[in-house]
Amino acid sequence: GLVNTREMFAKAIKGGYAIPAFNFNNMEQLQAIVQAAVETKSPVILQVSKGARNYANQTLLRYMAEGAVEFAKELGCAHPEIVLHLDHGDSFELCKSCVDMGFSSVMIDGSHLPYDENVALTKKVVEYAHKYDVTVEGELGVLAGVEDEVCAEHHTYTKPEEVVDFVTKTGCDSLAISIGTSHGAYKFKPEQCTVDPKTGRLVPPPLAFDVLDGVMKELPGFPIVLHGSSSVPQEYVEMINQYGGKLDAAIGIPEDELRKAAKSAVCKINIDSDSRLAMTAAIRKVFAEKPAEFDPRKYLGPARDEMKKLYMHKIINVLGSNDKL
Ligand code: G3H
Ligand code: 13P
Ligand code: NA
Ligand code: ZN
8 GLVNTREMFA KAIKGGYAIP AFNFNNMEQL QAIVQAAVET KSPVILQVSK
58 GARNYANQTL LRYMAEGAVE FAKELGCAHP EIVLHLDHGD SFELCKSCVD
108 MGFSSVMIDG SHLPYDENVA LTKKVVEYAH KYDVTVEGEL GVLAGVEDEV
158 CAEHHTYTKP EEVVDFVTKT GCDSLAISIG TSHGAYKFKP EQCTVDPKTG
208 RLVPPPLAFD VLDGVMKELP GFPIVLHGSS SVPQEYVEMI NQYGGKLDAA
258 IGIPEDELRK AAKSAVCKIN IDSDSRLAMT AAIRKVFAEK PAEFDPRKYL
308 GPARDEMKKL YMHKIINVLG SNDKL
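Residue 8 is where the sequence shown starts when you use full-length UniProt numbering, and the numbers rise one by one after that.
This is the structure we're talking about:
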């Protein structure tokens, strides 16, 4: 069945790699994630956001994730390691409902709350979840942009001096931190970037690795999570624009920085937007090149293939979680 994140994270920290946490809302994304994980022999975290729950129905998603374990076995993986995780849970009730429903891991995101309220809420979720051996991710620090329906103008980096107190008081199993990543495809304004003279592409300012170092010094060996880690592949942005889309100055996190993070105590890296871009690019291409096509399998199939390629690339070339099963 589904597993929680405990052993997975312990192994990832020791091994210097990170587990991919991919969001899913539909069957094609799920198929692509499982195919990629099986082919690369990688553990994987399937994430369901509140929006995904509203879009696809929590019960359906739960059985899809359980089905994913059987699907992985059918594809030849004897012992798949698949987590079903609630992404950005915003209340005790939502987290409880996911625990009760069979999720193996939940995030309670109280990062926008005053510190003491974040501690109290996270602790309450941990106390409930641990009764069912469900692991809990907490968050300290605020990512710029829209997070959990709260919109922040600026990053508030995680304060390393708070993390020991937070983890000790709450008992959470992993901690999401803010070091300059953000959600979505527009992570940086062009005016914050420099131009790479070789490629002509925009290079964003570096992440605050000093903050990560500070956190790791305070919490040696503790699992750290990085949200907002899409790299926004420019090939997809260009493809989308070539086939009628309009994405202006979509800029993500350079994969070199993610590679560096994956080698540290960062053991869960969240990627959603890149998969959305791959799917959209592939679908737009079919629509542009074969306007007479109206069988959804003829455009969702290529979209699935493109997402699988993306997931395999992330696993093998960025996170290093391949060959770990
Ligand atoms: O946290 C953000 C994830 O990418 C999920 O996004 O809330 O649009 O499903 P969503
Ligand atoms: P991206 O928008 O960068 O893919 O981040 C996803 C995420 O953090 C989900 O929780
Ligand atoms: Na790591
Ligand atoms: Zn997130």
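Idealized CB from N, CA, C, for every residue including glycine.
{"Query": "Taking Gly259 as the reference, give the member of Gly117, Asp279 and Leu9 with the closest Cα.", "Result": "Asp279"}
{"Query": "Under 6 Å from any heavy atom of ligand 4, does the C-beta of His162 make it?", "Result": "no"}
{"Query": "Just curious, the beta strand (DSSP E) that Gly96 is in, first and last residue?", "Result": "Ile89 to Gly96"}
{"Query": "Closest to Leu233 by C-alpha separation, out of Thr287, Leu284 and Leu150, would be which residue?", "Result": "Leu150"}
{"Query": "Following a CB-centred definition, is Ala269 positioned closer than 6 Å to any heavy atom of ligand 3?", "Result": "yes"}
{"Query": "Kindly indicate the opening and closing residues of the alpha helix (DSSP H) around Gln38.", "Result": "Met34 to Thr47"}
{"Query": "How big is the Cα-Cα spacing for Leu265 and Val222?", "Result": "17 Å"}
{"Query": "In the DSSP assignment, find the alpha helix (DSSP H) that holds Gln241 and state where it starts and stops.", "Result": "Gln241 to Gln249"}
{"Query": "Just tell me which of Ala269, Glu100, Ser185 and Phe16 has its CA closest to the CA of Ile323.", "Result": "Ala269"}
{"Query": "Following a CB-centred definition, is Leu277 positioned closer than 6 Å to any heavy atom of ligand 4?", "Result": "Sequence inspection shows Asn at residue 277; the Leu mentioned does not correspond to that position. Yes - ligand 4 has a heavy atom lying nearer than 6 Å to the Cβ of Asn277."}
{"Query": "If Pro261 and Ser238 are in contact, beta carbons under 8 Å, what's the gap, nearest whole angstrom?", "Result": "7 Å"}
{"Query": "Under 7 Å between the Cβ atoms of Ala43 and Asn277?", "Result": "no"}
{"Query": "Using CA atoms only, rank isn't needed, just tell me which of Ile20, Glu134 and Leu37 is closest to Ser271.", "Result": "Ile20"}
{"Query": "Can you give the Cα-Cα distance for Pro298 and Lys292, rounded to whole angstroms?", "Result": "10 Å"}
{"Query": "Can you tell me the Cα-Cα spacing of Thr287 and Ile247, whole angstroms?", "Result": "7 Å"}
{"Query": "Could you check how far apart the C-beta atoms of Val133 and Leu147 are, in whole angstroms? I think they sit under 8 Å.", "Result": "About 14 Å separates the two Cβ atoms, so there is no contact after all."}
{"Query": "With distances taken between CB atoms, is the gap from Gly152 to Ser189 smaller than 7 Å?", "Result": "yes"}
{"Query": "Between Arg208 and chain C, is the shortest Cβ-Cβ distance under 7 Å, so that the two count as touching?", "Result": "Considering every chain present, this structure includes no chain C. It has just one protein chain."}
{"Query": "With a threshold of 6 Å, establish whether the CB of His234 neighbours any heavy atom of ligand 4.", "Result": "yes"}
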